[in-house]
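In case it helps, this note's numbering puts the sequence shown at residues -18 to 411.
Reading through the structure tokens given below for one structure.
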Amino acid sequence: MPSHKKAALKTFLLVLTLLIRVAGQTTPPDAAKILALTNGNWFDGHSFKHRPVYIVHGFFSFRKPARVDESIDLKDAFVVPPFGEAHNHNVESSPKIDSLIQRYLQHGIFYVKNPDNLPSSRLTILPKLNQPASIDVMFSNGGFTGKDGHPADVVKRNIDRGTWTAAAGDGAFYYVVSNEAELEQKWPQFLSTKPDFVKTYLLFSEDYARRKDDPQYFGWKGLHPALLKIVVQKAHAAGLRVSTHVESAADFHNALVAGVDEINHMPGFRIEGDVTPHKITDFEIAESDARLAARRRVYVVTTLAGSSPPATPDSLTERDQINRRNLALLKKYRVKLALGSDSYRSDTVPEALYLASLGVFDSAELLQMWCDSTAKTIFPRRKIGKLKDGYEASLLVLKSNPLQDFSAVQQISVRIKQGQILQVDSDQKP
Ligand SMILES: [Zn+2]
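Here it is as structure tokens:
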């Protein structure tokens, strides 16, 4: 062989060896292994079934593969899909981001939706997210509201504290749109931030005209409901789903009529927050709206726990009662419910326990909502939220049966995400 051909062959072989080595290094060890999980009780959305399940290249297989590399005995423990958090603003650039991610994983929460964030803050932390050993997060970037509407009050508070500057306002954390022309003008800049979905705000929209120019309602107003409909059309044309913040039962109705995909909060989540007091009936969801929400397959994200401790059947507050009434109505019409906390220092664990304490749902229904519906409204296109053949191999192993005692959801012994067994730091308090 001529020497130049020998040299070319040598180079080719060297490159090939390097490629093989790089490929070997980038494949995580767990993901390459074919695992058999034996003696587990697997949640199917209603009950637990004792059966073996396999993990092949990061996905569940209910059929025995030709080869098994490792077998793990689950010793009759209970397997559920990971939990979700469909409303939290705490996934943002902060010195505590690493411990926050660890706390989410420790609590079994793998999927998070942030329905309003600074786009710059998201870009800073993105390299830490959306990979097997971390949480997966969807961001709306800035939300659409009216002049002096919510969340301008949040931005003002952060500027007053010195944590944010004026640059965080209109065009960043929110977009003020009072009419269609203003929406047309601001929409391209919003899209350029590459949002995962669109966040919009309705606050007592039945009272829009009266609040619009009244400074005492700063932070307690939002979009004109007719303009919301146009935002929805533009978002859908761009392939983006729309979430809408609501306060009153009228907002709930207006959001549905505008064609939104997800409603954030339930009427009654803060009955004493507004500038002017309300009758409790202002927060009662109409039966016709529950029916409409079901027909339109709209997700409703709860955010009801707040700081209140779990209710007990004989000490229901006015808030607990309105929450029970509205939840029972949504359940009656099979509206899709997802769990969100909107609690910056916490997550959906207290939300799930609060909902359990209201007694509207049994434990299987709550698990289905927390694991499946919540994951679906965060990542609608992924095969997650169920322990099913062909779905992403992500799961939690619980020591005891959560259908007998729901607090078992807090005793997680093993976490697997996308086929990888997670090593999670304990005692993370961000
Ligand atoms: Zn929020």
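Virtual Cβ for every residue (Gly too), placed ideally from N, Cα, C.
All figures in this text were calculated on a predicted structure; none of them were measured in a lab.
Ligand 1 approaches His68 closely enough that one of its heavy atoms is under 7 Å from the residue's Cβ. Fully contained in the stretch 201 to 283 are the following beta strand (DSSP E) runs of length 3 or more, in chain order: 223 to 226, 243 to 245, 280 to 282.
In the same chain as Pro383, and ignoring 5 residues on each side of it, the C-beta atoms closer than 8 Å to its own belong to Phe59, Val61, Ser344, Leu348, Ala389, Val390, in chain order. Trp168: member of the alpha helix (DSSP H) spanning 161 to 173, first to last residue. Secondary structure at Tyr156: strand, using DSSP grouped into helix, strand and coil. Note that the C-beta distance between Phe178 and Val223 is below 8 Å.
For Ser75, the secondary structure class from DSSP, reduced to helix, strand or coil, is coil. For Asp97, the shortest C-beta to heavy atom distance toward ligand 1 is below 7 Å. By the 16-neighbour rule on beta-carbons within 10 angstroms, Pro63 is buried.
Excluding residues up to 5 positions away in sequence, Gly26, Pro62, Gly366, Lys367 lie with their Cβ nearer than 8 Å to the Cβ of Asp353 in the same chain. Taking Ala162 as reference, the option from Ala153, Lys369, Leu208, Thr19 with the minimal CA-CA separation is Leu208.
The DSSP-derived three-state label of Asp97 is coil. Relative to ligand 1, even the nearest heavy atom lies 7 Å or more away from the CB of Asp177. For Pro206, same chain residues with a beta-carbon under 6 Å away, outside a window of 5 residues either side, are Ser186, Asn235 in chain order. It is roughly 21 Å from the alpha-carbon of Glu51 to the alpha-carbon of Val405. Around the Cβ of Thr283, a 10 Å sphere holds 16 or more other Cβ atoms; the residue is buried.
For the 8 Å CB-CB criterion, Ser322 and Glu165 do not form a contact. When DSSP states are grouped into helix, strand and coil, Ala319 belongs to the strand group. A distance below 8 Å separates the beta carbons of Asp232 and Leu184. In this structure the stretch 35 to 42 touches the stretch 394 to 403; the number of beta carbon pairs closer than 8 Å is three or more. Cα atoms of Val395 and Ile244: separation of roughly 33 Å, rounded to the nearest angstrom. Within its own chain, the residues whose Cβ lies closer than 6 Å to the Cβ of Glu228, once the five positions on either side in sequence are excluded, are Leu184, Phe185, listed in chain order.
The alpha-carbon of Thr358 is positioned some 7 Å away from that of Ala319.
The beta strand (DSSP E) runs of length 3 or more contained entirely in the stretch 292 to 338 are, from start to end of the chain, 317 to 319.
Remark: the shortest separation between the CB of Asp323 and any heavy atom of ligand 1 falls under 7 Å.
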